[in-house]
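Per the working numbering, the sequence shown starts with residue 88, numbered consecutively. All C-beta atoms in this analysis are idealised placements derived from N, C-alpha and C, irrespective of residue type, glycine included. Please read the structure below before turning to the comments.
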Amino acid sequence: MIGKTILHYKILEKLGEGGMGVVYKALDTKLNREVAIKFLPHHIAPTEEERERFKIEAQAAAALNHPNIATIYAVEEVDGETFIVMEFIKGRELKDIIHSNLPNFLSFRTVLDYAAQIADGLQAAHEEGVIHRDIKSANIMITEKDRVKIMDFGLAKLIGGAELTKKHSTLGTAAYMSPEQGRGDDIDHRTDIWSFGVVLYEMLTGQWPFRGEYDSAVLYSIMNEAPEAIATVRSDIPTALEQIVYKCLAKKATDRYETPKHLLNDLNKLTDKSLEQKPGHPTKIITRRKKSSQYIITAILIILAIASIAKFGLLRKKIKEPKIFNLRAITTSASIGRYGTQISPDGAYITYESNESGNLDIWVQQISSGQKINLTKDYDGRDAMGRWSPEGNWLAFQSTRDDGGIYMVSKFGGLPRKIVAHKNLESVSCWSPDGLKLTYTVAGTLCTVPVNGGMSEYIPLAHECISPYWSPDGDRIVYVTGNPNPYKQLWAINPDGSDPVLVLEKSGLFQFPQWSNDGNRIFFKSMKGGSRDIWWVPVDRKGNAVGSARQLTFGADAYEFSISKDGSHLAYMRDRGYFSICTIPHGIDRILNIIDATQILSQKEGMDCLALSPDHQWLAFQTYGGGKSDIWLARTNGQDLTPLTVDGSLNTYPSFSPDGKWIAFNSERNGNNDIYIMPVAGGQISALTHDLSSDQHPSWSVDGKKIIFHSDRSGNWDLWSVSVNGGDLQQLTFSSATDYFPTCSPDGHYVCFISNRTGMWEPYLLSTAGGDPKQLTEIRAHAIRGSWAPDGRTIYFNYYLDVDGTDRKIAAVSVEDGSIRKIMEFNKGDNLQGGLVADGEKLFFVTYFDDTDIWLADLVYE
């Protein structure tokens with residue numbers, strides 16, 4: 088495009104690209120002025136009628152004439168390409184200004200100046216009947232002269248206007264969406280007031296008021312939770328300004344400011360005096376006290392202060408705060424795994440896991456030169472989660488070789504030596520400071536083992552444990568509990584499990600705690616700030632927190648991290664990967680690979696457990712992250728993404744009723760996994776089972792009268808059925824093995840399920856007419872959740888061959904004779920999720936696409 092002339096606009100350079108199109112800087116050769124041109128995606132106005140509507144509404148937006156609104160000059164169409172010609176603005180995004188300034192905040196005067204200009208621009212637009220609907224810091228430009236320019240005004244309405252009137256549509260970046268936008272309700276100008284409140288909160292604190300690892304978690308927070316008090320982030324905030332923000336963020340639109348003008352009036356009341364006055368602290372104390380009273384009060388305060396100091400161990404020297412400098416990427420490979428990013432004790436090397444060689448291996452890279460070696464190239468399998476020994480000569484790691492376990496290998500290579508034999512290890516291992524022991528977890532149990540040989544010792548704990556890490560003196564171990572997700576608490580214990588101390592709780596998702604070498608801090612990863620970042624908390628020698636948790640990185644997208652032994656460097660794995668619902672076609676006479684797939688819906692939030700509506704028009708699936716899981720809908724082309732459950736509980740395994748009007752799913756909303764149903768159109772959620780056991784994976788019978796599910800209510804995992812009206816509970820299989828994942832055939836004659844009756848996870852068929860289950864075939868692998876073809880003659884399976892589940896494939900199995908036809912293979916490292924569905928023409932499945940690298944930063948303590 089660069090250098091081309093379209094109509095009378097000469098394209099000069101590309102400025103950016105996003106969900107609303109590609110933006111170029113251009114020269115208007117008629118008027119000899121620089122402009123910005125935004126080419127809109129083809130799906131915006133695919134029909135002639137929608138293009139006409141688009142042009143009419145664009146004219147309304149173009150009529151806005153205000154110094155704080157970026158002007159739309161024209162809407163043009165050439166060769167089927169629609170583009171908007173806008174004012175070209177030299178400046179920076181407000182988002183960039185806010186976050187590049189952290190950990191320092193914008194000054195009050197700057198915040199008030201920007202806020203007043205934004206409110207003024209909103210008022211002018213609302214008076215003309217134009218709603219923005221997508222106000223966010225990335226849509227606000229600040230010119231070189233500090234003039235605010237609201238970008239894309241009217242564009243969100245133009246693009247989403249038709250869709251936003253539909254019940255199942257949402258638009259806008261999740262963190263800035265109003266509750267009514269998140270629900271898909273009708274909206275008015277007060278949705279912009281809400282979004283303005285989010286931007287104002289962001290300008291003051293550097294973070295969003297409503298946060299979560301994924302969109303559904305953010306939407307739940309928006310609809311159900313109060314924002315973190317601004318005063319807890321920066322204590323100098325005037326009360327009056329804090330109240331303005333909270334009024335903008337009222338859950339009910341009627342409780343917000345009626346217009347931006349009313350908001351602007353309150354902003355203008357904030358005088359210089361009010362800015363100087365800290366909340367809750369009067370400028371003058373006018374009451375008089377007798378000196379004797381003052382002495383008594385002073386003495387009491389001194390006694391209380393000494394008691395507090397003694398209690399919290401604050402008599403020691405003040406703990407300095409780490410700050411990040413010189414952040415840089417030190418790897419460029421997209422094949423780096425999530426775990427095992429560790430700096431060597433001398434700070435010269437970094438180890439990580441990567442499938443660069445075709446399978447997951449342990450690699451060591453010299454930081455100064457970038458030279459790297461593969462330490463585990465001897466084994467064509469999974470080697471992961473490397474950990475440096477305290478002196479830096481060895482690495483411990485997990486491997487699937489020889490039936491699985493923990494191994495150690497020299498940093499120079501050679502044959503690994505087995506330390507622990509176990510195939511179900513959970514978390515990364517950790518060396519004791521003296522280098523004599525390794526600590527690891529199995530099924531939530533904390534274990535230690537001598538490195539030079541000996542039996543593992545199981546350490547009794549009151550709760551499940553993951554990610555243990557030793558204190559530098561070897562007297563304590565910190566770990567995360569709350570497994571499985573969410574990881575809600577940090578605990579510290581003695582090595583024998585005694586003297587437990589709760590370090591932190593309910594501060595977002597906890598992962599990978601690490602004690603600093605001086606023993607004064609515990610670093611950890613958390614979602615508290617709205618993104619995956621590294622935090623730290625000051626502690627005493629036992630692990631008691633002696634201050635509040637503090638954020639070290641901002642917007643890092645960090646996964647695992649490591650602090651060097653001397654505390655001078657931080658390394659972390661940056662994960663910008665995403666999940667995608669993909670399709671592959673039927674009828675291809677070769678085995679397909681991921682390059683043959685088409686991505687129809689992608690997002691950073693986890694996705695799994697697909698279900699297909701009977702008319703093949705809709706997909707239901709679960710999203711997960713941050714300890715929550717919800718059911719969402721989307722069309723089979725990826726459009727009209729809609730939440731069905733946004734309630735903060737674990738909602739999984741959706742299933743459509745035969746008439747397509749209902750969704751069954753299981754949920755832990757009442758403490759246990761039970762089966763629920765709800766209308767696809769939204770409405771009341773009804774529980775079908777009520778039991779202390781775990782009822783999961785519902786599948787509708789063909790007549791729509793019953794739901795089949797698996798449950799452990801008998802003491803083993805068996806298949807059960809329940810009436811959709813509740814009651815009439817029946818056990819369908821009776822086995823000492825585990826029977827999982829029932830799915831009913833299209834003709835209603837069979838229920839397919841997965842069982843480990845042979846020691847492998849194989850598919851079975853249970854006749855609805857009665858009798859014992861029969862094994863469908865011998866995949867001789869581990870099968871996961873079958874999906875029937877519409878004609879009932881074929882069942883599709885996702886299965887894997889290796890013990891850790893990484894070598895996954897998709898196969899079609901004939902119901903008639905059990906013959907197997909391999910359809911798709913995945914490279915080792917491709918992250919195929921569990922569920923898949925078929926519509927007769929194509930298969931739908933979910934996979935995760937990695938986009939990872941390792942970053943290194945210097946740490947300075949101030």
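Under the three-state DSSP convention, the category residue i falls into
i      : result
TYR288 : helix
THR326 : helix
GLY424 : coil
PHE913 : coil
ASN918 : strand
ALA148 : helix
LEU462 : coil
ILE89  : coil
LEU181 : helix
ASN155 : coil
GLN364 : Unreliable placement is indicated for GLN364, whose pLDDT of 44 sits below 50; no coordinate value is reported for it.
LYS334 : helix
MET238 : coil
ASP790 : coil
THR845 : coil
HIS95  : coil
Beta-carbon gap between residue i and residue j smaller than 8 angstroms
i      : j      : result
ILE222 : VAL305 : no
SER744 : TRP787 : yes
SER780 : SER754 : no
ILE460 : LEU482 : no
ILE159 : ILE171 : yes
GLY747 : ASP790 : no
THR710 : GLY693 : yes
ALA113 : ILE98  : yes
SER519 : TRP557 : yes
VAL235 : ILE205 : yes
ARG661 : ASP342 : no
Per DSSP, the bridge partner or partners of residue i
i      : result
TRP281 : Beta-bridge pairing links TRP281 to no other residue.
GLN783 : HIS797
TYR527 : CYS534
TRP807 : PHE796, GLN818
VAL496 : LEU482
LEU679 : MET911
ALA123 : LYS112, MET173
ILE546 : LEU533
GLN601 : PHE610
LYS505 : TYR494
HIS50  : Summary: the structure shown does not reach residue 50, with the chain confined to residues 88 through 949, and so no result is reported for it.
Start and end residues, beta strand (DSSP E) containing residue i
i      : result
VAL162 : 159-165
GLN771 : Premise fails: GLN771 is in no beta strand (DSSP E) and is neither H nor E.
SER649 : 645-650
ALA318 : Careful: ALA318 lies outside any beta strand (DSSP E), inside the alpha helix (DSSP H) at 317-320.
ASN753 : 749-754
GLY445 : Segment: none, GLY445 is in no beta strand (DSSP E) and carries neither H nor E.
PHE931 : 929-936
THR230 : 227-230
VAL624 : 620-625
Of the listed residues the options, nearest to residue i (C-alpha basis)
i      : options                        : result
GLY491 : GLU214, ALA508, LYS405         : ALA508
SER422 : PRO850, GLY664, LYS652         : GLY664
ILE762 : TRP749, ILE718, HIS784         : HIS784
LEU199 : PHE126, LEU354, PRO314, GLN294 : LEU354
ASP815 : PRO829, GLN686, THR830, LEU775 : LEU775
ILE841 : ALA123, PRO833, PRO829         : PRO829
GLU949 : VAL811, SER700, GLY654, CYS669 : GLY654
GLN704 : ILE437, LEU728, ASP695, VAL811 : LEU728
ASP945 : TYR827, SER651, SER742         : SER651
ILE317 : LYS464, PHE297, LEU414         : PHE297
GLY457 : VAL767, GLN920, ARG277, ALA416 : ALA416
Residue i, enclosing alpha helix (DSSP H) - first and last residue
i      : result
GLU267 : 266-270
ASN352 : 347-355
HIS213 : 195-214
Residue i CB to nearest heavy atom of the ligand MG below 7 angstroms
i      : result
ALA899 : For the ligand MG, the structure offers nothing, since it holds no ligand at all.
Closer than 8 angstroms to chain D by CB, residue i
i      : result
VAL624 : Of the protein chains in the structure, only one exists, and it is not chain D.
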